[in-house]
Amino acid sequence: MVVWSSSSGRAARHGVREMTRSARGGRIRWWLRTGALLTIIGVIRLARTAAKYPRPTISLAGTVITVSGISLRSEPVLISGFVVLVLAMFMPSDPASAPARSCSARLRALPLTPFAPASRRLPPSDWR
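In my numbering, the protein residues as written are 5 to 132.
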């Protein structure tokens, strides 16, 4: 005989259903812990990148805020995104790579060929 509707839960001795825990709870907690760990790792890497390259990071943040302001149709978010982009535009680029001396002073101080002999590396002191 075919049973058209069978119960999905376990039945106790007297026909009363026994409460069982779902196996999905453990999976959900695992996904939550894994997601939280990956989020923490990502935030730490983002902070390191922002400390090393502040201008591109702020430009990216301004772009994300501006795009979210356009998609949400929110004028305050859009304006704040533009403000962040303008601030990033006026930030100095990497100060460590900026030349401290003029171009002509660097050309006089450094040899044109790095493999030149040591006697030819330094220009004469009276040459200007």
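All C-beta atoms, glycine included, are put in the ideal place defined by N, C-alpha and C. Since the structure is predicted, the reported quantities are computational estimates derived from the model, not experimental observations.
- Item | Sequence-distant residues of the same chain with beta carbon closer than 8 Å to Arg-33, five excluded per side | On the sequence shown, position 29 is the one that residue 33 refers to. Excluding residues within five positions, none has a Cβ falling inside 8 Å.
- Task: Kindly give me the distance between the Cβ atoms of Val-88 and Ile-69, rounded to whole angstroms, as I take these residues to be in contact under 8 Å.
- Result: Position 84 of the sequence shown, counted from the first residue, corresponds to residue 88. Position 65 of the sequence shown, counted from the first residue, corresponds to residue 69. Going by Cβ atoms, the distance from Val-88 to Ile-69 rounds to 6 Å, so yes, they are a contact pair.
- Is Ala-54 closer than 7 Å to Thr-61 when the C-beta atoms are compared? Residue mapping note: residue 61 aligns to position 57 of the sequence shown, counting from 1. Residue mapping note: residue 54 aligns to position 50 of the sequence shown, counting from 1. Against a cut-off of 7 Å, the Cβ pair of Ala-54 and Thr-61 comes out as a contact.
- For the alpha helix (DSSP H) that Ser-78 lies in, which residues bound it at each end? The residue you call residue 78 lines up with position 74 of the sequence shown. Ser-78 -> no alpha helix (DSSP H), and no H or E assigned at all.
- Message: With a threshold of 7 Å on Cβ separation, who are the neighbours of Val-71 within its own chain once the five nearest residues in sequence on each side are excluded?
- Response: The residue you call residue 71 lines up with position 67 of the sequence shown. Excluding sequence neighbours, Val-71 sits near nothing in its chain.
- Query: Skipping 5 residues on each side, what residues in its chain have a beta carbon closer than 7 Å to that of Leu-82?
  - Reply: What you label residue 82 is simply residue 78 of the sequence shown in a count that begins at 1. Contacts found: Thr-70, Gly-73, Ile-74.
- Message: Could you compute how far the alpha carbon of Gly-46 sits from the alpha carbon of Ala-40?
- Response: Taking the first residue of the sequence shown as position 1, residue 46 is located at position 42. Taking the first residue of the sequence shown as position 1, residue 40 is located at position 36. Approximately 10 Å, taken between the alpha carbons.
- Have a look at Glu-3 and Arg-59 and give me their C-alpha separation to the nearest angstrom. Not covered by the structure: residue 3. The range shown for the chain is 5 to 132.
- Item | Other residues of its chain near Ser-63: CB distance less than 6 Å, five sequence neighbours each side excluded | Position 59 of the sequence shown holds residue 63. The answer, listed in chain order, is Ala-92.
- Could you name the residues of the same chain whose beta carbon sits closer than 7 Å to that of Ser-97, not counting the 5 residues immediately before and after it, in chain order? Reading the sequence shown from its first residue, position 93 is the one you call residue 97. The answer, listed in chain order, is Arg-59.
- Task: For Met-95, I'd like the list of residues in its chain whose CB is within less than 6 Å of its CB, leaving aside the five on either flank, ordered along the chain.
- Result: In the sequence shown, the residue the question calls residue 95 occupies position 91. Taken in chain order, the residues that qualify are Arg-59.
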